[in-house]
Amino acid sequence: MKRLYQAVLGIIFLLLAFCKSLLIGKETSISIVVILMMIIVIGMIRFIDKEFHKLHLIYGGILIAEFAFLMKQNMLFLIVGTILLVIASLWNVWSLRIKERRRGVILVTGKVLYVLSVLVVSVCVMLNLYVKPITDSVQIAEDVNVMIDDNKLDSEESMLQDIITMNSYGSRTTGSRGHEQFISWLKQQLSDMGLKLHSDIYTLDQWEEKRSALLINQKEIHVSSAYPYSGETDENGVTGELIYVKRGNYNNVNGKIAVVEINTIKKLPTGLIMNKRDGFPSSSKVISGDGDLVLTSVLRNPNLKKAKEKGAKAVILVWKGVSDSKVEDQYVPFTDEYMGIPAIWVNETDGKKVIEAAKNNEQGTVILEAKKQKKALTESFYVAIEGKNKKESIIINSHTDGVNVVEENGAVGMLSMIRYLLKQNIQPERTMVFAFITGHFRLPEFKGTSQATSTWMNHHPELWDGKNGNIKAVAGITVEHLGSMEWKENESGEYKATGDIQTEYTYTGNEQMESIWKKAIEGRSMIRTVTLRGHNKFEFGESQPLFEARIPVIGLIQMPDYLMVNSESREMDRFNVSLMRQQIESLLKATLIVDKTPSEELGRSDKYSLFYGRTK
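FYI, the numbering for the sequence shown is -6 to 609, going by the numbering used here.
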């Protein structure tokens, strides 16, 4: 009985240590469980052990460390308690002795497996010690207060006019005509403000859809959208036998058109890609369905390259488990290389007809006409407002390419920020660098080390790295997807407005930036903010390159379900200019507070947190 008790106790201790290491945000709950467990264990000593052992000192140490963690919420106590749990676990299991030979072999095998488990937990503990998943909160001094002069900030009418101008250029995918026109307009606006422009010209192999269609037995089937950078046909398309295959299984597609069903990931494992710091109001949380179509297109990628290698003429992708209206005009995935094989998306309703035809080996025709241009030109550019301190900078960035009103209107928001700062007629403490980045919609060519901003950063270390006399960037502010209202599928599967604003995810690089953002959003009438820490190498948006350079960031990014919709309306019915103006006001406040804050207080960005993040 005592041996069984030791074995069970050792395994429970190890599981608790494992949970404490992996489950961010659950540390307090797990500590309470550990304390209750230790009280029970210590209370049972007189019945099981009947005498005092050194192991009991470790039990006491665990109890003290867990109580201290509950009181102080300090990372050190968490780590100490976890290490002591591992030691107690090892002690209990390793001291087991069984004389019977057959059981002894089982025991040795079990101990080997157990030691491997201990090593895994130990590695997790050491990684947490390195990344520090729990950080001490920071309070801004009471006298730090920035008020935005409403008369100097662009009015809603002015902002809306800028948005209308941006939308007039149509789709603005990287290097497209609409993108070129939008960049020219932005540059003209900045020149009219008297700012000097600095441009970087890049080339890319550009692809842009002109027309897509699907015919089965000469009857047209509705196409939801084309697969970006898949491939192209002439005006007559490609015709062949339809064949229904599982995703990635293209063994029998030679000379045929493959039909593949893509199951939408409705409940994303958000704790693997996001880690919540806080919510405002406190009920705000990570929404597991946000970005579901974008992530589905990446995580359940159909592997068109393999289809091409196996001789398929084209691929028809059928959405499953998502409303027809939601998938309409979705420009996904936007992260693939050029594949060299035409592919189109079809909604679930029309997809049933396509699948039935494929199972009956009927003939189909896929048409995907596209404009292709080798070495098309595109550019990133920046302007600077010179500060009193010539050795430090603040980088404010967004990307200029996109497909609709919110993706991407950050550059328009930056214009309003710049106008406000210039109207103040006060020189900032630090040089403010406003970077307008291209390439977000062609990450295979512009990704650099992470997102497209990293390519620009690689070309301009003089603006941020602080080496060899270069300016040192002490903070970054990233402006993306402003004014997004929430649209979701209801319980009946209808895709409708919820009446709420889209969750305002904001990456805060460390606790100082977290406290600055809390200050900046005070008084907002439209608020639904969730602050995040970069997690498991994920940080969505163009703040990621700044974060990876250990520049403390505030990166605002809403992620509505229509983010990648390349529609003629540009999704204007889902945009709210009042929300956009409030967000710009918050971003301006944050920028001005950062400018007043000494660099030693701003510090460096935290490292990525690891394992399973907090989402509620």
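Just so it is clear, CB atoms sit at the ideal spot from N, CA and C, and this is done for glycine as well.
Remember, it's a predicted structure, so these values are computed and weren't measured experimentally.
- With 16 or more other Cβ atoms inside 10 Å of its own Cβ, residue 225 counts as buried.
- In this structure the region 429 to 439 lies against the region 187 to 198, because at least three pairs of beta carbons, one per stretch, are closer than 8 Å.
- With fewer than 16 other Cβ atoms inside 10 Å of its own Cβ, residue 123 counts as exposed.
- For residue 433, no alpha helix (DSSP H) segment is defined, and its DSSP state is neither H nor E.
- With a threshold of 16 other beta carbon atoms within 10 Å, residue 514 meets it and is buried.
- A straight line joining the alpha-carbon of residue 488 with that of residue 340 spans about 14 Å.
- The residue from 553, 563, 474, 571 with its alpha-carbon nearest to that of residue 536 is 474.
- Under the DSSP assignment, residue 193 falls in the beta strand (DSSP E) whose first and last residues are 191 to 209.
- In terms of Cα proximity to residue 600, the closest of 571, 546, 568 is 546.
- The continuous stretches of alpha helix (DSSP H) do not include residue 389, which lies in the beta strand (DSSP E) extending over residues 382 to 392.
- Relative to the Cα of residue 127, the nearest Cα in the group 24, 20, 180, 498 belongs to 20.
- Residue 546 is bridged by DSSP to 469.
- Pairwise C-beta distances place the region 385 to 394 in contact with the region 464 to 473, as three or more of them are shorter than 8 Å.
- Under the DSSP assignment, residue 373 falls in the beta strand (DSSP E) whose first and last residues are 356 to 378.
- Taking the Cβ atoms as the reference, residue 492 lies roughly 18 Å from residue 573, outside the contact range of under 8 Å.
- When the beta-carbon positions are compared, residue 72 and residue 51 stay at least 8 Å from each other.
- Following the DSSP letters along the chain, one finds residue 52 inside the alpha helix (DSSP H) bounded by residues 47 to 65.
- Sequence-distant partners of residue 38 (beyond 5 residues in either direction) whose C-beta falls short of 7 Å from its own C-beta, in its chain, are 49.
- Between residue 361 and residue 378, the gap from beta carbon to beta carbon reaches 8 Å or more.
- For the region 120 to 184, the full-length alpha helix (DSSP H) segments reaching 4 residues or more read 149 to 161 along the chain.
- Going by beta carbons, residue 210 and residue 356 fall inside the 8 Å limit.
- By the Cβ test, the region 295 to 315 is in contact with the region 229 to 241, since at least three Cβ pairs between them sit closer than 8 Å.
- Just so you know, the alpha carbons of residue 268 and residue 441 end up roughly 24 Å apart.
- The beta carbons of residue 391 and residue 499 sit about 14 Å from each other, so the pair does not count as a contact at 8 Å.
- Listed in chain order, the non-local C-beta contacts of residue 589 below 6 Å within the same chain number zero, local neighbours out to five positions each way being set aside.
- A distance below 6 Å between beta-carbons, with the five flanking residues on each side excluded, links residue 59 to the following residues of its chain, in chain order: 24, 27, 28, 74.
- Exclusion of the five residues before and after residue 373 leaves 193, 430, 431, 449 as the residues of its chain whose Cβ lies within less than 6 Å of its Cβ.
- In the three-state scheme derived from DSSP, where H, G and I count as helix and E and B as strand, residue 525 is classed as strand.
- In the displayed model, residue 305 falls within coil according to three-state DSSP, outside both helix and strand.
- In this model, residue 606 and residue 522 are separated by some 17 Å (Cα to Cα).
- Taking the C-beta atoms as reference points, residue 166 is found no nearer than 8 Å to residue 347.
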